[in-house]
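A short worksheet on the structure shown next.
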Amino acid sequence: MPKKFDVVIIGGGLSGLLSASALSRKGLKICVLEKNRDTGGMIQSFNREGISFDTGMNFFGAFEKGQIQNELFKSFGIAGKTNITKISNFELVAKNGKYKIPNNFERFEKQLISYFPKEKEGIKVFLKQIKEIFYHISLESDFEDLSFLQYYEKSALKFINSVTKNRELAELLKFNNLLFGSNLETTPLYIYAVITGSFLQSAGTFTNGSKQFIEVLENQILNNKGTILTKKEVEKIITKNDYISHCVCNDGTAYFADTFLSTLHPQNIIPKIQSPLLKTFYRKRIAGLSNSKASLIINVILNKKTVLFDNKPKFINTEGKSVLFYFPVSGKNENYAGTAKIMIEDNVAPYSQWTDTKPNKRKDNYNLYKNERAKEIFNFIEKYFPGFKENIHNYFVSTPLTFRDYTGSPEGSSYGILKDYTKSSETIFSVNTKFKNLFLTGQSINFHGLLGVSITSSIACTVLTKYITNRKIN
Ligand SMILES: Cc1cc2nc3c(=O)[nH]c(=O)nc-3n(C[C@H](O)[C@H](O)[C@H](O)COP(=O)(O)OP(=O)(O)OC[C@H]3O[C@@H](n4cnc5c(N)ncnc54)[C@H](O)[C@@H]3O)c2cc1C
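With our numbering applied, the sequence shown corresponds to residues 297 to 770, in that order.
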């Protein structure tokens with residue numbers, strides 16, 4: 297007789313682990329099915345030369361006491377259990393010079409007014425609007441309540457251009473373009489304001505990487521008697537009328553549950569569900585949605601004691617490029633940086649000749665191409681941080697194909713479905729589905745990042761738990 301769970305969670309990335317930890321804390325018998333050998337998805341880490349590197353996850357906002365990410369950590373039972381290092385300032389390298397971007401509303405306002413005294417009014421209007429939208433987010437936020445829609449249907453870019461005619465200031469306000477997949481053209485004001493607002497409240501990074509965060513979540517799930525199964529790729533979801541009966545993995549094993557929570561990208565989960573309830577036009581609509589851009593990540597090991605450490609992540613937005621460059625915090629309190637991380641927007645097109653290949657089975661010309669790209673980016677960074685290049689000991693490059701193959705994200709997209717202020721009804725999803733016991737979470741549902749995924753998973757878990765409670769009563 298196959299084992300039956302209260303909840304089967306499909307995918308063991310950030311949203312799967314957060315949801316599993318929340319639901320198992322409520323005493324529900326949960327099972328996470330993850331296709332890879334390790335959990336973590338886009339925040340998983342890997343080791344090279346004895347050093348742990350993060351694939352995605354650089355930093356996050358609003359993490360201090362009383363702020364929204366901290367409240368979310370509390371609600372997931374993990375507040376205070378992870379080591380977080382505060383980031384006081386970002387830096388922006390723009391066409392006309394370097395700017396300090398304080399991660400604090402008051403300091404940010406003062407700093408910007410000192411750079412652009414004539415733009416004081418515009419800066420105040422900017423911050424008032426960002427705060428109004430950002431403070432609207434709370435643990436009780438419910439994306440089913442559409443009061444936030446008015447901001448979802450406005451353009452972030454048009455908003456920035458409306459507060460100032462000063463091109464230099466407008467460029468500064470786009471400093472975090474990369475955190476939206478360099479897609480501010482389509483980004484809804486709502487998402488820009490919530491993410492920017494969270495970083496202007498406070499910013500932090502996991503000390504020594506996201507590995508310890510994953511471990512905290514996994515331990516909590518296991519302590520609550522939850523089950524985490526890896527190397528379990530869900531291939532089919534079997535329905536009975538408007539219910540999910542079970543799912544079947546690539547090794548033929550079947551998992552039965554009262555409820556199912558999918559954390560997968562909608563373009564991955566929908567084709568796995570065979571049911572007349574999902575009409576052809578709906579399937580085509582989902583398949584036709586655009587995805588946010590992908591990333592090229594270069595993790596660098598630096599020569600020992602050569603590059604001074606600083607905890608000021610740098611956004612370099614020049615020459616038509618958006619590059620993030622920083623020194624990950626090792627927690628060793630050293631004066632010198634051990635590693636550097638570089639992130640730049642990318643897409644699968646330049647890798648078309650390797651589209652049908654699998655990781656570790658790609659030919660040498662793939663590695664040659666990756667190295668060429670890396671060297672080109674090192675030369676770019678060298679212009680702004682002279683001396684960096686000569687202190688590189690070794691480096692490891694992840695391409696959009698790496699992300700596509702390890703996380704299943706279509707086209708290796710970094711942030712899932714492209715959010716578009718002109719298509720709100722198509723690009724935000726409900727956590728409910730046509731199937732009474734199937735719920736959705738993950739970065740494509742509302743918005744991406746630690747904050748977006750935490751909020752969405754919190755909503756999905758609340759809705760799912762209510763469903764279970766109501767079913768028991770009836
Ligand atoms: C390069 C990069 C940098 C980023 N930087 C930041 C940052 O600095 N700050 C921030 O807040 N956010 C950042 N993000 C975004 C953040 O990492 C994501 O929003 C978040 O991790 C997504 O979590 P998820 O659970 O929705 O998806 P995923 O992490 O993709 O999880 C999905 C999981 O499902 C598994 N899976 C897929 N198909 C199947 C299947 N058929 N059966 C079973 N399992 C399956 C995958 O292996 C994966 O583990 C970054 C993302 C990237 C790519």
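For every residue, glycine included, the Cβ atom is placed at its ideal position computed from N, Cα and C.
Contacting residues, own chain, Cβ-Cβ under 7 Å from residue i (five flanking each side not counted)
i              : result
serine 478     : Lys589, Ser618 and Glu641
alanine 375    : Asn366 and Phe369
glycine 748    : Gln739 and Asn742
asparagine 392 : Glu464
Rounded separation between residue i and residue j - CA only
i                 : j                 : result
serine 720        : glutamate 449     : 6 Å
threonine 526     : leucine 714       : 29 Å
phenylalanine 386 : phenylalanine 495 : 10 Å
lysine 536        : threonine 765     : 21 Å
threonine 752     : isoleucine 305    : 14 Å
lysine 414        : lysine 427        : 22 Å
tyrosine 539      : lysine 532        : 14 Å
arginine 579      : glycine 418       : 44 Å
phenylalanine 676 : isoleucine 612    : 10 Å
histidine 689     : alanine 636       : 11 Å
asparagine 728    : lysine 768        : 19 Å
isoleucine 429    : tyrosine 488      : 10 Å
proline 484       : tyrosine 717      : 5 Å
glycine 493       : threonine 549     : 45 Å
phenylalanine 422 : alanine 390       : 20 Å
tyrosine 486      : tyrosine 647      : 33 Å
proline 609       : leucine 620       : 7 Å
lysine 299        : isoleucine 326    : 11 Å
asparagine 643    : phenylalanine 699 : 11 Å
threonine 335     : glycine 346       : 20 Å
asparagine 631    : serine 726        : 47 Å
valine 544        : glycine 584       : 26 Å
Proximal residues to residue i (C-beta, below 8 Å), its chain only, five neighbours per side dropped
i              : result
leucine 746    : Leu310, Met353, Phe356 and Gln365
asparagine 687 : Leu598, Asn599, Thr602 and Val603
threonine 761  : Leu319, Lys322 and Leu324
glutamate 615  : Phe676
Option in the options with minimal Cα separation from residue i
i                 : options                           : result
tyrosine 551      : Ile566, Ile534 and Asp538         : Ile534
tyrosine 680      : Lys370, Tyr395, Glu481 and Asp302 : Tyr395
glycine 627       : Glu531, Phe674, Asn504 and Ile688 : Asn504
cysteine 757      : Phe301, Gly307 and Leu319         : Leu319
glycine 708       : Ala645, Pro682 and Phe725         : Ala645
glutamine 669     : Tyr711, Ile594, Glu630 and Phe684 : Reading off the sequence, residue 669 comes out as arginine, not glutamine. Measuring from the Cα of arginine 669, the nearest candidate turns out to be Ile594.
alanine 499       : Ser726, Phe621, Pro398 and Arg333 : Pro398
phenylalanine 502 : Asn379, Ala583 and Lys370         : Asn379
serine 348        : Gly634, Thr482 and Leu592         : Gly634
asparagine 408    : Glu467, Gln446 and Ser754         : A small correction: the amino acid at residue 408 is leucine; asparagine does not occupy that position in the sequence shown. Looking at the Cα atoms, Glu467 is the closest of the given residues.
valine 303        : Ile565, Pro624, Thr523 and Pro696 : Thr523
phenylalanine 735 : Val759, Phe743, Gly712 and Ile724 : Val759
alanine 553       : Pro706, Asp547, His542 and Pro562 : His542
lysine 730        : Val625, Leu453 and Phe556         : Phe556
phenylalanine 412 : Thr381, Tyr431, Thr460 and Arg333 : Thr460
glutamate 529     : Ser754, Thr737, Asn332 and Ser750 : Asn332
asparagine 546    : Asp652, Asp350, Lys568 and His561 : Lys568
valine 596        : Arg344, Gly308 and Gly307         : Arg344
CB contact below 7 Å: residue i versus chain B
i          : result
lysine 300 : In the structure shown, chain B cannot be found, because there is only a single protein chain.
Residues near residue i by beta carbon distance below 6 Å, same chain, minus five either side
i                 : result
arginine 658      : Trp650
threonine 703     : Gly337 and Met338
leucine 469       : Ile456
glutamate 367     : Leu435
phenylalanine 372 : Leu314, Ser317 and Ala318
glycine 312       : Ile305, Val328 and Thr559
methionine 639    : Ser591, Ile593 and Leu620
Cβ separation of residue i and residue j, assumed to be a contact under 8 Å, to the nearest whole Å
i              : j              : result
asparagine 629 : isoleucine 383 : No, asparagine 629 and isoleucine 383 are not in contact; Cβ-Cβ is about 16 Å, not under 8 Å.
lysine 732     : aspartate 701  : Not really, about 34 Å apart at Cβ, beyond 8 Å.
serine 591     : serine 710     : 5 Å
Ranges of the beta strand (DSSP E) found wholly within the stretch 346-385, counting only runs of at least 3:
Counting whole runs of 3 or more residues, the stretch 346-385 contains the beta strand (DSSP E) stretches 347-350 and 380-383.
Every unbroken beta strand (DSSP E) inside the stretch 459-484 [3 residues or more]
Counting only unbroken stretches of 3 or more residues, no beta strand (DSSP E) element lies wholly within the stretch 459-484.
Complete beta strand (DSSP E) runs within the stretch 701-745 (minimum length 3 residues, chain order):
The qualifying runs are 734-736.
Hey, which unbroken runs of the alpha helix (DSSP H) at 4 residues or more fall wholly within the stretch 524-580?
Every unbroken stretch of the alpha helix (DSSP H) spanning 4 or more residues and falling wholly within the stretch 524-580 is given here in chain order: 562-565.
Just to confirm the assignment: which complete alpha helix (DSSP H) runs, minimum length 4, are found wholly within the stretch 380-453?
The qualifying runs are 401-411, 416-430 and 445-448.
Note down, one range per segment and in chain order, each alpha helix (DSSP H) of at least 4 residues found wholly within the stretch 611-692.
Segments of the alpha helix (DSSP H) lying fully in the stretch 611-692: 660-680.
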